[in-house]
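Notes follow the structure.
In our numbering, the protein residues as written are 17 to 547.
Structure, rendered in C-alpha cells:
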C-alpha cells in the first residue's frame, strides 16, 4: 500500500486529510513559529534576527581593558603583598601547600608560581598580564590570549589567598572562561565571520542574571534588619570599605531618600534581572537600570574594576542593532552560522557550564542541595574559582571601626602610620581610587570587623623590619630613617561629619577611640619573630 504524500505549506507539515485545518497555517503567530523552526533546522538566519558580532567585538576588547587594569593595579603592590619581604609571600604559601596537599598540591593550588615564585617572576607575570591584555584589546588571537590571561590571573588568585579573594577576582575569572566560548578564531578575526553561538550567548546572559539576582537574593535571605526595613543605604555610604567624596555627600541625603534608594537597589537586583530572558526590547531596556545601578555604586564607593567589569558583562543584554542603528545594521548583512563539530563542542561546553552554575546556585540559595555527582563536581572545581555564586553586602555594617597602626621607640610616645586610601587622618577627604584597588586598605576594613587575622600579625612584623616593599603600600611612615622599636594597633570608631561641621572645622570624619586592637610587639635581635 502506498504512503499518502505529505505537503509542505509555509514551513508547516500537514497531510491532505487534515486540509480542513489548513487555515491554522495562515495565522500570523503560527507562520512566525514555523519560520523560526525552519531557520533552526536549515540554519539560515534572517536579517531581522538579533546578531551579536559587534557586541562580541566590544565585549572582548573591554574585557581586555579590565584585565589590563587588574594586572596594572596588582603590579603596583604585588611585592608588598606577596614578594619575599611582603606581608604574605607566595613562596611561603606554596611551601605550606606542598606540605599539606603533597602530590595533589598542583590540583589544590593551580599556579605557574610552582615553577618559580621569586620577586622578579611576580613582577614579570604582572607585565605579561598587561601585554596579553593589550593584545586582547587590539583583537589579536583572542582565543589563545584569553586562555593565557585566565591561567595567569588564576595563578595569582589561587597562590595569593587573602589579598586576591574578592568577588570581582572570581568574576573576572568566570567571565574570561565564558568568553572563550564566543571568541572568534584566527590571528586578527575582527568582527568574525560567524555569529557567536547562541548557546554561549545565553550562558553569558545567564551569568548576568546570576550576578545581580544572587546579590539581591543574598540580601533578602540574610534576615538583615536594615534590608528588611529599607534603611541599608542610610548606613552604607558611611560604613563601606572605601567611600568617595560623593559617598560623603550621599550620606547627607534625607532618610526618605535613603529608603527610596534602598528600594530601587533591591528592585534592580531582584526584579530587573528577570528581563534578561524577556523579549528583545525588554532585554535591551534592562541594560540601562542595571548599568545605572553600577554607575551609582562607582560614584559613591571605590570597588576596583568591579563596576566596569559588571557593565562590560551586561553588554550581552544588547545586540548589534541598537549599537549600529537600523541602517548600518542591515548593511552589515547576516553572519554565517557556526556549523559542524565546533558548534556541537561549544554547545556542550555551554550546557555543562550552565548545569554547574545552576548547581552552585541551588547549593547556596536553593531549598535543597544539588545531586551528589553535581556536588562532587562543584567541589572539584573550587580551586579554579570559575564556577561561582555572588552576594555582596548581604549583611549591612552599621558602624565603622577602623584600625590605626602606631609605632614608638620608647613605648611612651606613639606616632601614627598613615594609609594611602582608608580613613586615618579625619581631615583628609575620602579619595577617588578606582579602578585601582588598594588591597591592603580593603583588608584592613575587613580586619577591623573581627579578631586580628594571621596576615595582620605578619604586616606588623614587616613594619618592625622596615620592609621597603610594605612601606610603599602606605602614604606616610613616621619613622623615615629606621623602623620603630614597637608597633601596636588601636581601634577607633569613625563617623562622617555633617555639612555644617565640615564647613566649620574642615573635618570629613570624626573618630572616637575604642581601645587596643592589638598590643604592642617588638622583634628581638636574635630572630625575626615578634614578641
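Cβ coordinates follow ideal geometry from the N, Cα and C atoms, glycine included.
Your pair residue 224 and residue 332 checks out as a contact, with CB atoms roughly 6 Å apart and the cut at 8 Å.
Burial is judged here by how many other beta carbons sit within 10 angstroms of a residue's own beta carbon; residue 426 has fewer than 16 and is exposed. Straight-line spacing of the CA atoms in residue 374 and residue 285 works out to 18 Å. The DSSP-derived three-state label of residue 503 is strand.
Per DSSP, the beta-bridge partners of residue 525 are 512. Classified as buried, residue 274 has 16 or more neighbouring CB atoms from the shown chains inside 10 Å of its CB. Taking all protein chains in view, the Cβ of residue 214 is crowded by 16 or more other Cβ atoms within 10 Å, so the residue is classified as buried. Beta-bridge annotation (DSSP): residue 531 is paired with 507. Of the other Cβ atoms in all chains shown, fewer than 16 fall within 10 Å of the Cβ of residue 357; this residue is therefore exposed. A Cβ-Cβ contact shorter than 8 Å links residue 503 with residue 476.
Taking a 10 Å sphere around the C-beta of residue 277, we find 16 or more other C-beta atoms and assign the residue as buried. DSSP, reduced to helix, strand and coil, places residue 294 outside both helices and strands of the structure shown, so it counts as coil. C-alpha of residue 522 to C-alpha of residue 443: approximately 6 Å in a straight line.
Taking the Cα of residue 68 as reference, the smallest distance to any Cα among 216, 527, 440 is reached at 216.
Linking residue 424 to residue 474 through their CA atoms gives a straight-line distance of about 18 Å. Taking 8 Å as the cut-off, the beta carbon of residue 447 is found no closer than this to the beta carbon of residue 89. When only Cα atoms are considered, residue 500 and residue 162 end up about 46 Å apart. Taking 8 Å as the cut-off, the beta carbon of residue 490 is found no closer than this to the beta carbon of residue 422. The three-state secondary structure of residue 484, taken from DSSP, is helix.
One thing to note: residue 109 has its Cβ within 8 Å of the Cβ of residue 175.
Under the three-state reduction of DSSP output, residue 539 falls in the strand class. In this structure, 138 is the residue among 438, 463, 78, 138 with its C-alpha nearest to the C-alpha of residue 105. In this structure, the alpha-carbon of residue 210 lies about 11 Å from that of residue 72. Sequence-distant Cβ neighbours of residue 472 in its own chain, meaning closer than 6 Å and more than five residues away, are 463. Your pair residue 232 and residue 282 checks out as a contact, with CB atoms roughly 6 Å apart and the cut at 8 Å. Under DSSP, the beta-bridge partners assigned to residue 492 are 434. If only uninterrupted alpha helix (DSSP H) runs of at least 4 residues are considered, those enclosed by the segment 179-206 are 183-195.
Residue burial is scored here from C-beta neighbours: residue 120 has fewer than 16 other C-beta atoms within 10 angstroms and is therefore classed as exposed.
The shortest CA-to-CA distance from residue 404 to any of 287, 337, 192, 297 is the one to 192.
Exposure of residue 122 is indicated by the presence of fewer than 16 other C-beta atoms within 10 angstroms of its C-beta. Residue 207 has its alpha-carbon roughly 17 Å from the corresponding atom of residue 328. At a Cβ-Cβ threshold of 8 Å, residue 515 and residue 268 count as neighbours. In terms of Cα proximity to residue 152, the closest of 247, 181, 202 is 202. Exclusion of the five residues before and after residue 80 leaves 149, 152, 153 as the residues of its chain whose Cβ lies within less than 6 Å of its Cβ.
Comparing alpha-carbon positions, the option among 511, 484, 509, 507 lying closest to residue 498 turns out to be 484. Boundaries of the alpha helix (DSSP H) harbouring residue 363: 356-381, taken from the DSSP string.
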